[in-house]
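Everything below concerns the one structure shown next.
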Amino acid sequence: MRSLKRWLAIAALGLGLTSLAQGSGKLEIFSWWAGDEGPALQALIDLYKKRYPGVEVINATVTGGSGVNARAVLKTRMLGGDPPDSFQVHAGQELIGTWVVADRMEDLSSLFRQEGWTTKFPKGLLDLLSYKGGIWSVPVNIHRSNVMWYNPAKLKEWGVTPPKTWAEFLATCQTLKGKGLEAPLALGENWTQQHLWESVALGILGADDWARLWRGQLKFNDPKMLNVWNTFGKVLDCANKDAAGLSWQQAIDRVIEGTSAFNIMGDWAAGYMTTTKKLEPGTGFGWAPSPGTSGVFMMLSDSFGLPKGVKNRTNVINWLKLLGSKEGQDTFNPLKGSIAARTDSDPSKYSIYSQAAMKDWKSNKIVGSLVHGAVAPESFMSQFGTVMEIYLNGKNAQAAANAAQAIATQVGIGR
Ligand code: GAL
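Each position in the sequence shown, counted from 1, maps to that position plus 151 in our numbering.
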């Protein structure tokens, strides 16, 4: 009898501990991974629910590629004292320059030490996440910005190969126009035009000058930058005129359908084409570094942090642990088109596109993306749209270059 009682007591204790480990309450995850961009996040949430079935996960998404709309909603919530439990943010200046300097985030360096992450993520990435002795978010992936996508069967039919420089691109564009293709380049809404710009700039400047730009060593109105804007203008002449109304997925669709030949987009496009469109990399779609950027990997990383004063702190810590884990990263990234941020991920779980990206990530020169938060403070990024408008209004390279330099000076790029 006594031993039965003891057994029951131990069992009860066991149950108590289990339910504690399984967690309770809610976890709100805020991101822009909605619709077609959702499957990878959903797989991660499913894994979380399996580990912590007692937690109600709220998947709060705000549609809009590259976070154009989500960032505005996030700002309102953060300033209004209603932070989501955890939110998607790009590693680098996008987080550091906003919510970290405003003292709204918890320092996660003890979590990084506890989980052994200081040796599991590449040093350059840890540097990007760090500021004033703290580490401020957990990276879930590495995306590549400078990729050119095409449809191999169509290129064959048209008798062209992926151009290796922007000059070659412009020549190929003329060839394709000659064959009746109205818009050899498929382009989408506003932010995707800026995305194209950063690939043109990298291709014209090269990795070293691109990096010098963000250290304040190359001026935005240097003659080299005029060359960037002028080339960009010519590249735009190869694109569809209805770009403003297309999402990045709709622009990619035109390449898949064969109404355009090329699209410059980050490798979430690989995720979309494999996971949503069920295309085989290599046959269903092809890829190459955007013109002039062979040997250079323009990176960005999606990460999640812990805002101060959230309602469900323990659940967030468990979420962060999962997305920084090998299992979490190798669940999320094969569906997303990105590669793991961790250095010990299992390549056999990834497509041949991602395996190629993994190789490049290890061997290429690494630079950071402007549009996706790595190199410039939000204050520059948000005003870069105005620079783009100035250029598009008059196609005046000098005016755009001067405006960019004025903003760079104002926000203190390189200071
Ligand atoms: C990027 C983000 C990617 C992808 C893309 C399109 O900024 O890092 O994960 O979501 O936007 O929305």
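Backbone N, C-alpha and C fix where the C-beta goes; we use that ideal spot for every residue, glycine too.
As the structure is a computational prediction, the values presented were derived from the model and not from experiment.
Query: In angstroms, rounded to a whole number, what distance separates the CA positions of Lys370 and Gly460?; Result: 41 Å
Query: Measuring from each Cβ to the nearest heavy atom of ligand 1, keep the ones under 5 Å and list them in chain order.; Result: Gly216, Ser217, Trp419, Asp453 and His523
Query: Pick out the complete beta strand (DSSP E) segments inside the region 220 to 251, 3 residues or longer, and give them in chain order.; Result: 237 to 241
Query: Unbroken alpha helix (DSSP H) runs of length 4 or more, entirely within the region 286 to 347: which are they?; Result: 303 to 309 and 317 to 329
Query: Between the alpha carbons of Leu306 and Lys462, how many angstroms are there, rounded?; Result: 53 Å
Query: Going by the beta-carbon positions, is the gap between Gly396 and Met449 smaller than 9 Å?; Result: no
Query: Put Met256 into one of helix, strand or coil per three-state DSSP.; Result: strand
Query: Does the beta-carbon of Lys271 have 16 or more other beta-carbons within 10 angstroms, so that it is buried, or is it exposed?; Result: buried
Query: With DSSP as the reference, please indicate the residues paired to Lys283 in a beta bridge.; Result: According to DSSP, which records beta bridges pairwise, Lys283 is partnered with nothing at all.
Query: For the region 277 to 286 against the region 397 to 405, do three or more pairs of beta-carbon atoms, one drawn from each stretch, fall closer than 8 Å, so that the two count as touching?; Result: no
Query: My parser needs the alpha helix (DSSP H) runs of 4 or more residues fully inside the region 362 to 401; what are they?; Result: 374 to 387
Query: With a threshold of 16 other CB atoms inside 10 Å of the CB of Ala551, please say whether the residue is buried or exposed.; Result: buried
Query: Under 8 Å Cβ to Cβ from Thr169, same chain only, skipping five residues before and after it: list those, please.; Result: Note that Thr169 scores a pLDDT of 42, beneath 50, so its modelled location is shaky; the value from the coordinates is reported in the next line. If we look at Thr169 and ignore the five residues flanking it on each side, it has no Cβ neighbours.
Query: Hey, Thr444 and Leu353 are a contact pair by Cβ (cut 8 Å); roughly how many whole angstroms apart?; Result: 5 Å
Query: For the candidate residues Lys546, Val467, Ala362 and Ala554, whose alpha-carbon lies nearest to that of Val516?; Result: The question names Val, but residue 516 in the sequence shown is Lys. It is Ala362.
Query: Which stretch, first to last residue, makes up the alpha helix (DSSP H) that contains Ser476?; Result: Here Ser476 belongs to no alpha helix (DSSP H), and DSSP marks it neither H nor E.
Query: Between the beta-carbon of Ile407 and the beta-carbon of Lys428, is there less than 9 Å?; Result: yes
Query: With a threshold of 8 Å on Cβ separation, who are the neighbours of Leu129 within its own chain once the five nearest residues in sequence on each side are excluded?; Result: Outside the modelled stretch of the chain, which goes from 152 to 566, sits residue 129, for which no answer is possible.
Query: Using only the heavy atoms of ligand 3, determine whether one of them is closer than 8 Å to the beta carbon of Ala559.; Result: Of the ligands one can find in the structure shown, namely ligand 1, none is ligand 3.
Query: Specify, as a first and last residue, the run of the alpha helix (DSSP H) that Ser499 falls within.; Result: Looking at the DSSP string, Ser499 is not in any alpha helix (DSSP H), and its letter there is neither H nor E.
Query: Looking only at C-alpha atoms, which of Glu188, Asn210 and Asp511 sits nearest to Lys177?; Result: Asn210
Query: Here's the rule I'm using: 16 or more other beta-carbon atoms within 10 Å means buried, otherwise exposed. How should Gly216 be labelled?; Result: buried
Query: Could you give the DSSP three-state label for Val467: helix, strand or coil?; Result: helix
Query: From which residue to which residue does the alpha helix (DSSP H) around Glu529 run?; Result: Glu529 to Gly545
Query: If you draw a straight line from the C-alpha of Gly435 to the C-alpha of Ser505, how long is it?; Result: 15 Å
Query: How many Å lie between Thr560 and Leu364 at the Cα?; Result: 12 Å
Query: According to DSSP, which residues form a beta bridge with Lys177?; Result: Glu207
Query: With a cut-off of 8 Å on the beta carbons, I'd call Met256 and Gly456 a contact; round off their distance for me.; Result: 5 Å
Query: Out of Ser296, Asn553, Leu471 and Ile180, which has the shortest C-alpha to C-alpha gap to Met376?; Result: Asn553
Query: Contact defined as beta carbons within less than 8 Å: I believe Val447 pairs with Asn341. What is the distance between those atoms, to the nearest angstrom?; Result: With 8 Å as the limit, Val447 and Asn341 do not qualify as a contact, their Cβ atoms being about 25 Å apart.
Query: Between the region 186 to 198 and the region 413 to 428, can you find at least three pairs of beta-carbon atoms closer than 8 Å?; Result: yes
Query: Can you tell me where the alpha helix (DSSP H) with Ile196 in it begins and where it stops?; Result: Pro190 to Arg202
Query: So, for Asp497: in the same chain, excluding its five sequence neighbours on each side, which residues have a beta-carbon less than 7 Å away from its beta-carbon?; Result: Asp481
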